[in-house]
Amino acid sequence: NINFFGFLAVVKSSTLQKYTAITGSPDYFSYFILCPGIADHQNAPDLSKGEVPVCVDMWNGQVSQIWNEGTVHFLQMISEPNHVTYVRVGPSKETLENASVCRAQRNDAFCSIITGICALITAQGFYLLILRLHDYNAWAACLVLSCAHAINFYIAKRRMDRSAKIEPDNNTQRNLLIRLNQSRFVILRGWPNDIKNVTATPWLARQTCWEEMLSTFATGLVYLTPFLMANATGAGTSVFVGMMLLSLGFL
Numbered sequence: 199n200i201n202f203f204g205f206l207a208v209v210k211s212s213t214l215q216k217y218t219a220i221t222g223s224p225d226y227f228s229y230f231i232l233c234p235g236i237a238d239h240q241n242a243p244d245l246s247k248g249e250v251p252v253c254v255d256m257w258n259g260q261v262s263q264i265w266n267e268g269t270v271h272f273l274q275m276i277s278e279p280n281h282v283t284y285v286r287v288g289p290s291k292e293t294l295e296n297a298s299v300c301r302a303q304r305n306d307a308f309c310s311i312i313t314g315i316c317a318l319i320t321a322q323g324f325y326l327l328i329l330r331l332h333d334y335n336a337w338a339a340c341l342v343l344s345c346a347h348a349i350n351f352y353i354a355k356r357r358m359d360r361s362a363k364i365e366p367d368n369n370t371q372r373n374l375l376i377r378l379n380q381s382r383f384v385i386l387r388g389w390p391n392d393i394k395n396v397t398a399t400p401w402l403a404r405q406t407c408w409e410e411m412l413s414t415f416a417t418g419l420v421y422l423t424p425f426l427m428a429n430a431t432g433a434g435t436s437v438f439v440g441m442m443l444l445s446l447g448f449l
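Quick note on numbering: the sequence shown equals residues 199 to 449 in my numbering.
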């Protein structure tokens, strides 16, 4: 007895990866989001598609490369072929830090509302499965996905916090000329240490042995979901699919 809707949990999707890039360090509500792509969460640095742009400091002519995958992905989204795009890097919430490369372009309240809605969808789904439908197979599948998602977010947050920081060196503001593929150019303006934090440091630090073990365990939990959904009722399956697709749509 195979419930093919259970395989929705293992469908590859970059939605969670992009969500991590946009929101940076996740809040507590983020742990309750269930949608396809949980198994690929730790591959968020792959959003840059391996591109390592060359950049030139317009103050002293120094040539370097951008190693922050999150920054590269952000620049790829905002730049246009055969055009020059201007980006300003600043302190506090307006800076493109290595943990939150899109913070300057996001509306905090809007992101919080979307995250809260997704958390409410998950809570409502658990309520229906346990207290209304009494479908414990579908409930167990959702619980396993929640555990896997929480583990992946915990690992991502640790990798962000552990990523190297540049010591302050604010002498004067600089302009950094960046060339991306398809003849796209970006001029990044800001203080030297702010620019270095989003270009010279990695977005997510390398996984430790312990983090790799946790990540593998979380992936195993995700692939366990179709087997748990095999004996779910039709109503429970509908709730499961609705939770996954609604959260995916809002994200």
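Heads up, the beta-carbon is just placed ideally off N, CA and C, and yes, glycines get one too.
Computed from a prediction, not measured in an experiment: that's the story for all the values here.
Can you tell me whether residue i is helix, strand or coil according to DSSP?
i      : result
Arg404 : coil
Ile385 : strand
Asn201 : coil
Pro234 : coil
Val209 : coil
Gly248 : coil
Thr431 : coil
Ala416 : helix
Glu410 : helix
Ala321 : helix
Arg278 : Residue identity check: residue 278 is Glu in the sequence provided, not Arg. In this structure, Glu278 counts as coil in the three-state DSSP scheme.
Ala398 : coil
Leaving out five residues before and five after residue i in sequence, what residues of the same chain have Cβ atoms less than 8 Å from its Cβ?
i      : result
Thr213 : Cys233, Pro234, Gly235, Leu446 and Leu449
Cys253 : Val261, Ser262, Gln263, Ile264, Leu374, Leu375, Ile376, Arg377, Leu386 and Thr397
Can you round the beta-carbon distance between residue i and residue j to whole angstroms, since I take them to be within the 8 Å contact cut?
i      : j      : result
Leu329 : Trp337 : Their Cβ separation, rounded to whole angstroms, is 10 Å, which puts Leu329 and Trp337 out of contact at 8 Å.
Asn382 : Pro279 : The amino acid occupying residue 382 in the given sequence is Arg; Asn does not appear at that position. Yes, Arg382 and Pro279 are in contact; Cβ-Cβ is about 6 Å, under 8 Å.
Ala321 : Phe230 : 7 Å
Ala430 : Asp333 : 6 Å
Gln240 : Ala354 : 7 Å
Leu444 : Ile264 : Not confirmed; about 36 Å, so no contact.
Gly268 : Ala237 : Contact doesn't hold; Cβ gap of about 20 Å is too wide.
Val285 : Val384 : 6 Å
Asn266 : Thr399 : 6 Å
Below 7 Å CB to CB, which residues in the same chain sit around residue i once its five sequence neighbours on both sides are set aside?
i      : result
Ile393 : Val287, Arg372, Leu374 and Leu386
Ile315 : Phe448
Phe227 : Thr313, Gly314 and Ala317
Val342 : Leu419, Leu422, Thr423 and Leu426
Asp255 : Arg372 and Leu374
To which residues does DSSP link residue i through a beta bridge?
i      : result
Asn373 : Arg387
Arg286 : Arg387
Leu378 : Arg382
Cys253 : Ser262 and Ile376
If I measure Cβ to Cβ from residue i and keep anything under 6 Å in the same chain, skipping five residues before and after, which residues do I get?
i      : result
Gly204 : Thr423, Pro424 and Met427
Gln303 : Confidence is the limiting factor: at Gln303 the pLDDT is only 42, short of 50, which leaves the residue's position unreliable and the question unanswerable from this model.
Touching by the beta-carbon criterion (3+ pairs, under 8 Å), the segment 372–383 and the segment 417–425: no
Touch test, the segment 246–259 against the segment 347–360, Cβ-Cβ under 8 Å, three pairs minimum: no
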